[in-house]
Amino acid sequence: MNSPNGHLRHTVRSLVTVGGLTGLALVSAAAPGVAGLPAASERADWDLRVVGEYVVPKGVIVDGSSVGELSGLDYDTRTGDWFLIADDSTEGPPRFYRARIDIDQDGVHGVDFVESVDIRRTDGTLFPPASDDDPEVADPEAIRVDPANGMLWWASEGKRVVPSDGGEPQLVDPWVRQMSQTGRHIRQTSQPETLRMSPDQEGPRHNLTFEGLDLTADGRELVTAMEGPLYQDGGVPTVDEGAIGRLTWYNKRTGVPVRQHAYEIGPIPVPPVPSDAFADNGVTEILTIDEHRYLVLERSFAVGVGNNIRVYEIDVSDATDVLNRHRLADSRYQPVDKKLVVDFADLDLSRVDNIEGMSWGPDFATGEHSLVFVSDDNFNDSQVTQVIALAVRNDLAR
Numbered sequence: 001m002n003s004p005n006g007h008l009r010h011t012v013r014s015l016v017t018v019g020g021l022t023g024l025a026l027v028s029a030a031a032p033g034v035a036g037l038p039a040a041s042e043r044a045d046w047d048l049r050v051v052g053e054y055v056v057p058k059g060v061i062v063d064g065s066s067v068g069e070l071s072g073l074d075y076d077t078r079t080g081d082w083f084l085i086a087d088d089s090t091e092g093p094p095r096f097y098r099a100r101i102d103i104d105q106d107g108v109h110g111v112d113f114v115e116s117v118d119i120r121r122t123d124g125t126l127f128p129p130a131s132d133d134d135p136e137v138a139d140p141e142a143i144r145v146d147p148a149n150g151m152l153w154w155a156s157e158g159k160r161v162v163p164s165d166g167g168e169p170q171l172v173d174p175w176v177r178q179m180s181q182t183g184r185h186i187r188q189t190s191q192p193e194t195l196r197m198s199p200d201q202e203g204p205r206h207n208l209t210f211e212g213l214d215l216t217a218d219g220r221e222l223v224t225a226m227e228g229p230l231y232q233d234g235g236v237p238t239v240d241e242g243a244i245g246r247l248t249w250y251n252k253r254t255g256v257p258v259r260q261h262a263y264e265i266g267p268i269p270v271p272p273v274p275s276d277a278f279a280d281n282g283v284t285e286i287l288t289i290d291e292h293r294y295l296v297l298e299r300s301f302a303v304g305v306g307n308n309i310r311v312y313e314i315d316v317s318d319a320t321d322v323l324n325r326h327r328l329a330d331s332r333y334q335p336v337d338k339k340l341v342v343d344f345a346d347l348d349l350s351r352v353d354n355i356e357g358m359s360w361g362p363d364f365a366t367g368e369h370s371l372v373f374v375s376d377d378n379f380n381d382s383q384v385t386q387v388i389a390l391a392v393r394n395d396l397a398r
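FYI, the numbering for the sequence shown is 1 to 398, going by the UniProt record's numbering.
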């Protein structure tokens, strides 16, 4: 994992150039510390351009595994390899791919999947399907390379199924685990009680837990991002209102959670068609910039509209530590500062699919930094596995 270290100018009224499109935004924020009132974000001062995109052909098979449902990716600066993780699927057990992505300042020219590696459980066996009634099933959503030793960190959303007929609930806590590049389990972090699954209306919702993962700039900690709110923190995003998610930091050596901040998830940006059809919005990735700043990827889907993808810069410097707070709804605290970096609707792309992964990639000969995204096609014929690269022109010393 490669994290830029540097300082970006923050202004209340800022100009951002994105792929040749220029936008100016001045937006007021809601009163700080009021849960349930996610604020519209002012623009961050980032200078970006679209490098290119590449759609992986359907039907690619690697080591007997169908390529698809890619929910996270990361770049190994030591080897030039990319690691892409696939979430739970009928196409095979949880696994990750090692790949080479042909990318330079002029475009994304191809993706070569070198090998498929099955992820192992604590006892060394393969994971059963997440639909199984098993105490150790996985739904992988994020993967990072540890630059200290080349080991891999990965996050799983866990499982929460509570039958309405009073049957036995199926509860598997979300986790962050470390594994070798052969998929062998090494260890697991611990979780605060608030992030453990419960049969009651508290704790994480099913399929709205760990989607984002990264190491901090100094490599001493890990950080996770929840896709959606805990039950006790309020409702899920709607067209009219956003929600509150939690970002949690862990000591990498001990695996113990050390702090937590509230993140304001935006409302669903575009209403579905018809208006009573399904729509959602949530966090799908977090990426380190420096000691205090991160990028957060929000992904929305609305029936009749499609996907809406936005990337935000956050600053955690002044945010309240809510690690020991069981409930955030109706309480006061300072969330992380949040500013819009780019709305993919403003980019010159052939389409915008279900983008879930985000990583820094190689630097270009131009001095620009690459920012790379991947989509989860859900093995759906109407979707694609899309690799998109942006170039960051800001002077970000790494």
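Glycine included, C-beta positions come from ideal geometry on N, C-alpha and C.
By the CB criterion at 7 Å, L73 and A86 fall outside the cutoff. Per DSSP, the continuous beta strand (DSSP E) segment holding Q188 begins and ends at H185 to Q188. Of all C-beta pairs linking the region 186-200 to the region 124-139, fewer than three are shorter than 8 Å, placing the two stretches out of contact. The three-state secondary structure of T122, taken from DSSP, is coil. For D280, the enclosing beta strand (DSSP E) covers residues A279 to T288. Taking C-beta atoms as the reference points, T224 and T194 fail to come closer than 7 Å. Between V176 and K159, the gap from beta carbon to beta carbon reaches 7 Å or more. Taken atom to atom, the span from the alpha-carbon of L230 to that of R205 is near 6 Å.
For N251, the uninterrupted beta strand (DSSP E) run begins and ends at A243 to N251, by DSSP. As for any beta strand (DSSP E) of minimum length 3 sitting wholly inside the region 85-138, the runs are 95-104 and 107-118, ordered along the chain. For R299, the uninterrupted beta strand (DSSP E) run begins and ends at R293 to A302, by DSSP. As the crow flies, the alpha-carbon of G107 is around 47 Å from that of H326. Boundaries of the beta strand (DSSP E) harbouring I314: G306 to D315, taken from the DSSP string. Cα atoms of V67 and R259: separation of roughly 36 Å, rounded to the nearest angstrom. Judged by DSSP secondary structure, A262 falls within the beta strand (DSSP E) whose first and last residues are P257 to I265.
In this structure, V239 keeps its C-beta atom at 7 Å or more from the C-beta atom of I286. In the displayed model, A217 falls within coil according to three-state DSSP, outside both helix and strand. Residue burial is scored here from C-beta neighbours: F113 has at least 16 other C-beta atoms within 10 angstroms and is therefore classed as buried.
Annotation: Q201 to G367 spans about 50 Å, alpha carbon to alpha carbon.
By the criterion of at least three beta-carbon pairs nearer than 8 Å, the region 351-360 is not in contact with the region 90-98.
With contacts defined by Cβ atoms closer than 7 Å, L213 and E227 do not form a contacting pair.
Across the structure, L340 and T90 are spaced so that their CA atoms are roughly 36 Å apart. The alpha-carbon separation between I61 and V342 amounts to approximately 33 Å. Taking C-beta atoms as the reference points, N308 and V270 count as a pair closer than 7 Å. The shortest C-alpha to C-alpha distance from E298 to any of R220, Q178 and K338 is the one to K338. Rounded to the nearest whole angstrom, the C-alpha separation of R120 and Q178 is 11 Å. For D315, the closest C-alpha among the options S180, Q334, L328 and A329 is that of Q334.
Taking all protein chains in view, the Cβ of F373 is crowded by 16 or more other Cβ atoms within 10 Å, so the residue is classified as buried.
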